[in-house]
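Just below is one structure, and these are the notes that go with it.
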Amino acid sequence: MTERLRSTLSRAIDHLDVTLAALGCILAVPLTIYLQVAMRSPVFAVAGIIVFVTCLAYLLIRRRRSGSLREQPQATPRVYLLLNILFFGLLTYSILAFHLRPELYTRPLGYFIALAAMAAVLAVEVFFLSQTRRATHLAIVKVIAVGLSLAWSQLLIYPDIVGSDPWYHRWLTLSILDAGYVPVGHHYSWMPGMHLVTGATSLVTGLDYKMATMLSLSLFQVAGTILFVFVLGRIIHSARAGLIAALVVCVASWHLVYAYTTMPNSMAMVFIPIVIYLLFRLRQQNPGASFALSALFMATVILTHNMAAVMLGGVLFCVWLGFEVHRMFRYQAAAGARILLVATILFTGATLSYWTVPGYTGTLRYLAQIGFRGGDYFDRLPPGHVTPPPEEVTPPPADTTPLAMAVAHYHEHIVPFGERLFNQLGFLLFFGFAAIGALAMLSRSTRHRSGFAFVFAGLMILAVAFFGIITHRIFLEERWNHLSQVLLAVPVGVGLLWIAGLPGRKAIGGALIALMIFALAFLMIVAPPANVDNRTLSPNTVFRGGFAESEFQAFGAAATIYDGALGIDPYGVRPLRLTLAPDNETSSIVVQLVSGNYSDCGDMLVLIRSEVATQPFPLRGTSFRLDHDPRQALTEQGFSKVYFGGEVAAFAGPS
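Be aware that the sequence shown starts at 43, since it is given in our numbering, and climbs by one per residue.
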């Protein structure tokens with residue numbers, strides 16, 4: 043290597059933020075072209091455009107920045123009091139708007155505006171935060187209040203749980219309570235962590251399943267994630283950055299999904315930032331306690347969900363690799379990084395050893411053999427393998443089944459481009475701010491070895507989700523999206539503070555961060571999948587995530603008057619099969635609904651929900667609206683309406 047080349051590389055490494063921003067501008071152009079061509083949708087191309095804009099903006103304004111992230115002005119007691127009055131006034135309004143909502147199963151738009159405004163007020167408060175524990179603790183409590191409001195409101199508007207998979211976990215938890223032990227032969231017989239926690243909460247409190255999950259898993263998911271994102275942000279950068287990161291993650295779209303859909307993965311993923319914190323911080327103060335607690339939480343992850351175990355192993359490895367890259371760049375030595383490698387090896391070995399008994403390693407081997415193709419996995423499973431309830435996966439364009447083609451056509455040609463862009467804009471802006479924050483954290487003035495490793499790990503996890511989407515592989519990208527939002531919340535907080543410090547005047551900076559937080563929060567909390575009730579802004583894509591009381595009554599009536607096979611849309615299969623009609627054979631009629639041909643449903647009682655007939659409903663990991671009224675089609679094809687319960691109509695086949 044010549045001396046000139048060595049000098050150039052040294053300067054590029056010393057100014058790593060500028061180097062990466064320049065590379066981002068250059069690579070964003072072919073990325074945008076590829077996404078437009080390969081994904082056949084301009085919405086995906088927006089991701090490349092945002093990469094270009096954020097990197098270019100960083101290069102243009104980094105030298106003009108006059109403020110310091112660590113030296114922000116503090117608010118006077120009067121201003122601090124006014125901010126608290128405004129926050130609690132908005133909280134009161136949001137509760138009243140929720141309670142007095144004109145539609146029973148829809149939160150009003152004013153509720154979302156109030157929650158976004160509460161987040162904006164909190165951002166201003168954090169921007170001028172007083173350097174006292176009391177002010178910091180109160181800010182954390184208010185952030186948790188915002189997160190719980192967004193999560194619990196979606197559960198409280200429905201009579202029972204929200205989602206499809208949670209019905210399986212509800213059934214298994216109640217089975218454990220009835221039997222007094224964990225039944226064998228089920229996928230989660232070897233991973234009953236969530237079910238034991240929920241069941242124990244229900245036994246101790248006497249609450250039903252939904253309320254027990256709210257006070258255990260949902261509360262733990264929201265509060266635990268917020269607290270440990272805050273402490274990680276404080277360690278890596280500053281208390282202000284940690285609080286902004288906690289505020290951002292509490293309104294993050296995929297974080298909200300796992301806050302109201304209570305599943306094992308929701309519980310297990312909370313332990314990931316906890317383990318990282320223990321290895322980052324407590325290891326330095328009390329190595330023995332750090333090791334014991336880390337081992338305990340790692341074991342809990344293994345006993346709760348296999349996908350979360352894969353993610354934790356991946357994060358540990360990526361953080362260690364980040365420290366090694368940091369050392370390779372000749373920055374400060376990464377003291378203690380070896381413990382991360384040891385933890386990764388031990389955790390991976392323990393996970394694979396535990397998976398050997400129930401045969402989970404066979405599933406991993408099979409996925410590798412088929413190249414992680416979603417359709418192959420869910421349609422042709424290994425013989426005799428016990429599997430969890432299948433989860434919806436968006437099919438690749440190569441999947442030419444009529445169902446896949448109908449879903450793809452609906453989103454490409456029926457849903458307006460503006461609505462598709464609106465649904466993804468908050469998600470994309472989140473990572474745009476994360477890019478700015480990551481570059482700022484890599485600059486020479488704020489570089490921190492733990493921050494470097496943390497940013498590196500977050501970007502690697504985001505890459506898994508991103509390449510899983512664009513290559514149509516079964517990486518369950520929604521799980522990786524959630525984890526990437528948690529890990530990159532700290533860079534987002536740094537990025538927002540970095541931008542707010544640009545004007546140099548505290549009033550303008552406070553207004554700027556309030557505007558950015560309001561826009562980011564509002565875009566994320568009203569777009570699917572975080573919003574499963576209000577269709578005002580996304581009428582073609584938001585579906586109702588829970589079931590109405592009249593639907594439950596109709597399901598029970600159908601099971602009472604008819605002892606044969608029941609046919610229903612795919613979202614209603616699990617409530618019927620596991621809870622409301624366990625003695626009936628229940629089948630999904632999704633193919634018939636999409637095609638409009640019900641000729642092979644003559645031997646079953648067909649249940650049509652009004653939601654499915656007139657509104658978008660969940661299908662293959664996304665939403666879909668029928669181009670016909672199935673009730674009219676069934677009548678025209680000789681079926682007889684034998685029941686009508688307001689929200690549900692039942693049709694018997696031709697005699």
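The beta-carbon is built from N, C-alpha and C at its ideal position, and this holds for glycine as well.
- Rounded to the nearest angstrom, the Cβ distance from Ser-172 to Gln-116 is 5 Å, consistent with a contact under 8 Å.
- Your pair Ala-63 and Leu-481 checks out as a contact, with CB atoms roughly 5 Å apart and the cut at 8 Å.
- When DSSP reads this structure, Ile-610 sits in a beta bridge with Ser-630.
- Three or more pairs of CB atoms, one per stretch, sit closer than 8 Å, so the region 232-239 contacts the region 300-310.
- DSSP places Ala-385 in the uninterrupted alpha helix (DSSP H) bounded by 379-398.
- Put simply, the backbone Cα of Ala-158 is about 18 Å away from that of Gly-551.
- For Ile-650, the pairing in a beta bridge is given by DSSP as Ala-691.
- Classified as buried, Phe-389 has 16 or more neighbouring CB atoms from the shown chains inside 10 Å of its CB.
- Less than 8 Å separates the beta-carbon of Val-204 from that of Gly-587.
- The region 441-460 makes contact with the region 665-673; the number of CB pairs closer than 8 Å reaches 3 or more.
- Annotated three-state conformation of Pro-660 is strand, per DSSP.
- Of the residues assessed, Asn-348 falls on the buried side of the cut-off, its CB having 16 or more other CB atoms within 10 angstroms.
- For the 8 Å CB-CB criterion, Ala-495 and Val-291 do not form a contact.
- The shortest C-alpha to C-alpha distance from Ile-103 to any of Gly-330, Gly-248 and Leu-544 is the one to Leu-544.
- Tyr-223 counts as exposed, since fewer than 16 other C-beta atoms from the protein chains shown sit within 10 angstroms of its C-beta.
- The beta carbons of Leu-321 and Ala-392 sit about 16 Å from each other, so the pair does not count as a contact at 8 Å.
- Residue pairing of Ser-665 in beta bridges, as defined by DSSP: Pro-660.
- In this structure, Gly-468 lies away from Val-536, with their beta-carbon atoms at least 8 Å apart.
- Asn-465 places its beta carbon 8 Å or farther from that of Arg-149.
- When the five nearest sequence neighbours on each side are left out, the beta carbons in the same chain lying within less than 8 Å of the beta carbon of Tyr-147 are those of Ile-199, Tyr-200, Asp-575, Arg-586, Gly-588 and Ala-590, in order along the chain.
- Between the C-alpha atoms of Thr-243 and Tyr-251 there is a straight-line separation of about 9 Å.
- Sorting His-229, Ala-193 and Arg-547 by C-alpha distance to the C-alpha of Trp-296 places Ala-193 at the top.
- DSSP places Val-684 in the strand class (E or B) of the three-state scheme.
- Counting every other CB atom within 10 Å of its CB across the protein chains shown gives Pro-617 a total of 16 or more, marking it as buried.
- With contacts defined as CB atoms closer than 8 Å, Leu-133 and Met-160 qualify as a contacting pair.
- The continuous alpha helix (DSSP H) containing Arg-175 extends over residues 175-198.
- For Tyr-210, the enclosing alpha helix (DSSP H) stretches over residues 207-221.
- Annotated three-state conformation of Gly-460 is helix, per DSSP.
- Membership of Asp-642 in any alpha helix (DSSP H) is not indicated, and neither H nor E is assigned to it by DSSP.
- In the three-state reduction of the DSSP assignment, Ala-623 falls in the coil class, being assigned neither a helical nor a strand state.
- For the pair Leu-635 and Met-566, the Cα-to-Cα distance works out to about 31 Å.
- For Ile-381, the closest of Tyr-135, Phe-371, Ser-336 and Ala-351 by C-alpha to C-alpha distance is Ser-336.
- Excluding sequence positions up to five before and after Ile-456, its CB lies within less than 8 Å of the CB of Asn-582 and Arg-667, all in the same chain and listed in chain order.
- Using a Cβ distance threshold of 8 Å, Leu-249 and Leu-257 count as a contacting pair.
- Inter-residue distance for Phe-564 and Met-483 is about 26 Å (C-alpha atoms, whole angstroms).
- Rounded to whole angstroms, Glu-461 and Leu-471 show a C-alpha spacing of 16 Å.
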